[in-house]
Structures are given as structure tokens and as C-alpha cells.
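Read through the structure below, which is laid out as C-alpha cells, and then see the notes.
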Amino acid sequence: MTRQHHLRGVLLASIACILWGISGVAASTLFINNAHITPLWLTQIRMISAGIIMLAWGQLAGTKPLAIWHQRHDTFQVICYGLLGLIPVQLCYFEAVKFGNAPIATIIQFLGPFIISAYYFLFKHTKPHRAEAIGMLMAFVGTLLIVTHGHLNSLAISPVVLFWGGLSAVGVATNTLIPRPLLPKYGALTVTGWGLLIAGIFLMFLKPAWTIKLSLTPTEWLLIAVIILLGTVAPFFMFARSLNDILPTTASLLDAFEPLAATVFSVTFLNVQLTGFDLFGGVLIILAVMALSINVRKMMAYLHRQTD
1 MTRQHHLRGV LLASIACILW GISGVAASTL FINNAHITPL WLTQIRMISA
51 GIIMLAWGQL AGTKPLAIWH QRHDTFQVIC YGLLGLIPVQ LCYFEAVKFG
101 NAPIATIIQF LGPFIISAYY FLFKHTKPHR AEAIGMLMAF VGTLLIVTHG
151 HLNSLAISPV VLFWGGLSAV GVATNTLIPR PLLPKYGALT VTGWGLLIAG
201 IFLMFLKPAW TIKLSLTPTE WLLIAVIILL GTVAPFFMFA RSLNDILPTT
251 ASLLDAFEPL AATVFSVTFL NVQLTGFDLF GGVLIILAVM ALSINVRKMM
301 AYLHRQTD
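Quick note on UniProt numbering: the sequence shown kicks off at 1 and runs consecutively.
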């Protein structure tokens, strides 16, 4: 791997994570400016549109996206990915953004890797390494500072934000674990495209998007396009492409750009006010995830041995 390829991978992964952070800010802007736009409506539009674009792209690229439906087990797995992975990681995240703000929602969601570690500790009996243990302690302290602002007898953020943000963090874990066996066989475009489309169609049964009467301005349509194209299609492709040039450990470290981007753009354009507790807690969580990422390579090696 040349230095040029490594730099390309770092840039792709960094830009992808920044775009994910920007999509949260765009969603927050929509919720603030138009009370009729709900997380459910926006998630449906995002998932169905992005899913169709990815599958069409995959078809043109010759990845044969329909092949995944020929294997019953793979079909079941991609359905689980859409319902149990993508819905919580996207719908629950938007709910947390609506009731709170993009920086806090993104930081809470950033706890997802620790849920993965807890899963392997409880069900695979893998003991956490020292870096993971330290990271978990830092993440706990960081979350405690954000939630209580140092006052342990009261909550500084709404319980509903904590509820939706916690579910989105669980979604990060399921969104990572469920599609893992499918990606080498079918590619990111096919797996993600079908997952998004399945999830979007399922959400339509809860409340179809067309039943919500909305009057959208050109600016709001532009923000929706940003969420679909720049906040979903582009970063998914860029992050997957970056893994050809950099290690998963490096890519995981660059995930820190997502909460940083959400914070910077929210403070700059939405005048979101964050306290010192929020900022310090967020930094602790980001550093904690970085500490956890040091051992990602060992965890991936373990997973590979378990699936052989």
C-alpha cells in the first residue's frame, strides 16, 4: 500500500464521516424550520430514495443486486439488517436530533462500539483489553457529564433524548454486526441499498409519507437532497471505498469526525449552545472510542476465526 493510497483512504473516510455529521445538522434545521416534518417522514424519504439510487448504481456497476434474493438465509439476513440495523441507527437518531440537537444525538450514538464490546463480552466471552476497559470508563464518565452536567441528582437533557439516542447507539451495533457476512459476497452497494429500501418500505406501513401534507420551500427540498445524496449515498460509498486503502482500525478512528462535524456546524449555523460539560463529555467519549479502536484488528481476527 503506497502513501498516496493511504492518504486517499484517509481523506475518503474523513469526508464520509463529516458528511454524516452534516446530515444530522441538515435534519435538525428541517425540524426547527418546519414543524410538520417528522423523523418518520424524513427517514422514509431518505431510506427509499437512497436505497433506489444505490441499487440502480449497483446494477449499472454490474454487481447484480437481485442475486441476494436467491439465498434464503441471505434474504432473511438483509431483511434483519434493514429492520434491526438501519431503522434504529437512522430513525432513532433523527428522533434524538428532533427532541435534542445534532451534537448531543451524534455523541450519544457514538457509544455504539461499546455496545458491540459488551455483546462480545456477554455472549462470546471475550474479555476486554486494557484499552477497552479504560475506554469504557471514559465513555461512562463522558456520558454521565453530558446527561447530568455534574449534578447526579438530576438530568441535564430530556429523558426522551437519552432514550432515542440510546436506541440509535444500539442501532450502530446491530448495523455493524448484522450485515457483516453479506458484504464480502454482495458488496456494500447491494447490501446497503436493499437494507435501506426494506427499512423504508416497512416504515411506510406505520404512516405512509404521502399521507402527511407538507408544504416545502426550495431550501427545505435542498436540505432533503443533501441528506439523501451527501448524507447517505455518498458517505456510504466513500467509507466502503476507503477500506480498500486503509485498515478498519484507521477508519474507526476517523469516525470521530462525525460528532465533531455535527458540533461545529450546529454551533456555527444553528447557534446551538453547548456547555463545558457537553464539550468535555463529548471529548471523553471520542477519545474512548479511539482507545477501543486500537483493538479492532484483534476483534476482527477473532470474528474471522469464529466464522471459518
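All C-beta atoms in this analysis are idealised placements derived from N, C-alpha and C, irrespective of residue type, glycine included.
Item, Value
"Coil, strand or helix - Phe-110 by DSSP", "coil"
"Reference Ile-45, options Asn-34, Ile-68, Gly-24 and Leu-196, closest by Cα", "Leu-196"
"Touching by the beta-carbon criterion (3+ pairs, under 8 Å), the stretch 5-22 and the stretch 258-270", "yes"
"Close beta carbons around Leu-303, own chain, < 7 Å, minus the five adjacent residues each side", "Note that Leu-303 has pLDDT 48, beneath the 50 cutoff, so the model's placement of it is unreliable and the number below is only indicative. Counting only Cβ-Cβ distances below 7 Å, and skipping sequence neighbours, we find nothing."
"Beta-carbon proximity of Gly-193 to Leu-55, cut-off 8 Å", "yes"
"C-beta atoms of Gln-109 and Ala-169 nearer than 8 Å", "yes"
"Beta-carbon separation (whole angstroms), residue 311 vs Trp-164, contact threshold 8 Å", "Residue 311 lies beyond the range of the chain shown here (1 to 308); nothing can be said about it."
"Residue range of the alpha helix (DSSP H) that includes Ala-199", "188-206"
"Integer Cβ distance of Ile-146 from Ile-107, believed to fall under 8 Å", "7 Å"
"Contact set for Leu-7: own chain, Cβ-Cβ below 7 Å, skip 5 residues either direction", "none"
"Local conformation of His-6 per DSSP, three classes", "helix"
"Cβ-based burial, Val-272 [other Cβ within 10 Å; buried from 16]", "buried"
"Boundaries of the alpha helix (DSSP H) in which Arg-46 is found, first to last residue", "39-60"
"Own chain, CB closer than 6 Å to Ala-26, minus 5 neighbours either side, in chain order", "Leu-223, Val-226 and Ile-227"
"Proximity below 8 Å, CB of Phe-114 to CB of Ala-139", "yes"
"Same chain, Cβ closer than 7 Å to Lys-207, five either side skipped, listed in chain order", "Leu-40"
"Close beta carbons around Gly-85, own chain, < 6 Å, minus the five adjacent residues each side", "Thr-174, Asn-175 and Ile-178"
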